[in-house]
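Colleague: Quick note, the sequences are listed as chains A and B, same order. Counted the way my numbering counts, the first sequence spans residues 2 to 114. Counted the way my numbering counts, the second sequence spans residues 22 to 137. Each residue gets a CB set at the ideal place from its N, CA and C atoms; glycine is no exception.
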Amino acid sequence: AQSVSQHNHHVILSEAASLELGCNYSYGGTVNLFWYVQYPGQHLQLLLKYFSGDPLVKGIKGFEAEFIKSKFSFNLRKPSVQWSDTAEYFCAVSGGATNKLIFGTGTLLAVQP
Amino acid sequence: NAGVTQTPKFQVLKTGQSMTLQCAQDMNHNSMYWYRQDPGMGLRLIYYSASEGTTDKGEVPNGYNVSRLNKREFSLRLESAAPSQTSVYFCASSRKDRASSGNTIYFGEGSWLTVV
Numbered sequence: 002a003q004s005v006s007q008h009n010h011h012v013i014l015s016e017a018a019s020l021e022l023g024c025n026y027s028y029g030g031t032v033n034l035f036w037y038v039q040y041p042g043q044h045l046q047l048l049l050k051y052f053s054g055d056p057l058v059k060g061i062k063g064f065e066a067e068f069i070k071s072k073f074s075f076n077l078r079k080p081s082v083q084w085s086d087t088a089e090y091f092c093a094v095s096g097g098a099t100n101k102l103i104f105g106t107g108t109l110l111a112v113q114p
Numbered sequence: 022n023a024g025v026t027q028t029p030k031f032q033v034l035k036t037g038q039s040m041t042l043q044c045a046q047d048m049n050h051n052s053m054y055w056y057r058q059d060p061g062m063g064l065r066l067i068y069y070s071a072s073e074g075t076t077d078k079g080e081v082p083n084g085y086n087v088s089r090l091n092k093r094e095f096s097l098r099l100e101s102a103a104p105s106q107t108s109v110y111f112c113a114s115s116r117k118d119r120a121s122s123g124n125t126i127y128f129g130e131g132s133w134l135t136v137v
């Protein structure tokens, strides 16, 4: 069965700092990888996704993620965060015939102005 | 664009009461899902439906039932609500991307359920 681990539960950064959120998954087959963001009081929105091809994926709002197959990782990065990036970030993986999407426990990011 | 619509948005139930959360999508998606979100636990899959007429259990199905009424609608029923089912529930849908093997999943706005 597939699973997802997000090791950073709570991250606090100052504006303009660089961000990297860790995501590791376990699944033996071909996977599809996602990062979702949930702003306070809102529903989940897709930031970016990886299906195949270039392992460096660019998403909305300046975010990117790199799929490293040998490390089973899909870390989220942003070179310079803004106060408006304060949100909860979820890594998710789907794979196999069922395409069930399984989420990590989330990382709360607080950006201080 | 409506996307995924869930009702009700807020509900308070007494222990033992039953209720149904409704979900509809207008994107002609094949797959639909119900998740619950709890602090520190992320989103956990309750049930999903890969296509009309099929349903399957997710990570936390106990205490819930689902119905895939047609391609558009996927309802979640709590037969006898318990305080442990206090949560935010999200419905979602996806269509297998024809260009790849992956699905992009779109979420509804959530239903806040409190069981007292």
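Kindly provide the ranges of any alpha helix (DSSP H) runs that are 4 or more residues long and lie completely inside the region 42-70 of chain A, ordered along the chain.
Modeller: Correct list: empty.
Colleague: With distances taken from CA atoms, which of B:Gly-37, B:Thr-135, B:Met-53 is nearest B:Asn-91?
Modeller: Among B:Gly-37, B:Thr-135, B:Met-53, the Cα nearest to that of B:Asn-91 is on B:Met-53.
Colleague: So A:Glu-21 is in the beta strand (DSSP E); what residue range does that whole segment cover?
Modeller: Its beta strand (DSSP E) spans residues 20-22.
Colleague: Short of 8 angstroms Cβ to Cβ, which residues in the region 90-117 of chain B face chain A?
Modeller: Listed in sequence order: Phe-111, Ala-113, Ser-115, Lys-117.
Colleague: Within the 8 angstroms Cβ cut-off, does A:His-8 reach chain B?
Modeller: No - not a single Cβ of chain B is within 8 angstroms of the one on A:His-8.
Colleague: Hey, how far is the Cα of A:Trp-36 from the Cα of B:Ala-102?
Modeller: C-alpha separation (whole angstroms): 32 angstroms.
Colleague: Tell me which same chain residues have a C-beta within less than 7 angstroms of the C-beta of B:Leu-99, skipping the five on either side of it?
Modeller: Here the set comprises Ser-39, Met-40, Gly-84, Tyr-85, Gln-106.
Colleague: Just the chain B side, please: which residues come within less than 8 angstroms of A:Phe-64 by C-beta, in chain order?
Modeller: Neighbours of A:Phe-64 on chain B: none; closest Cβ ~16 angstroms, over 8 angstroms.
Colleague: Buried or exposed, going by whether 16 or more other CB atoms sit within 10 Å of the CB of A:Lys-59?
Modeller: By the neighbour-count rule (16 or more Cβ atoms within 10 Å), A:Lys-59 is not buried but exposed.
Colleague: Is there a Cβ from chain A that is less than 8 angstroms from the Cβ of B:Thr-125?
Modeller: Cβ-Cβ to chain A under 8 angstroms: yes for B:Thr-125.
Colleague: Is there at least one Cβ from chain B nearer than 8 angstroms to A:Leu-110's Cβ?
Modeller: Judged by the 8 angstroms Cβ criterion, A:Leu-110 is not in contact with chain B.
Colleague: Return yes when the Cβ of B:Ser-132 is within less than 8 angstroms of the Cβ of B:Lys-30, no when it is not.
Modeller: Yes. Within cutoff.
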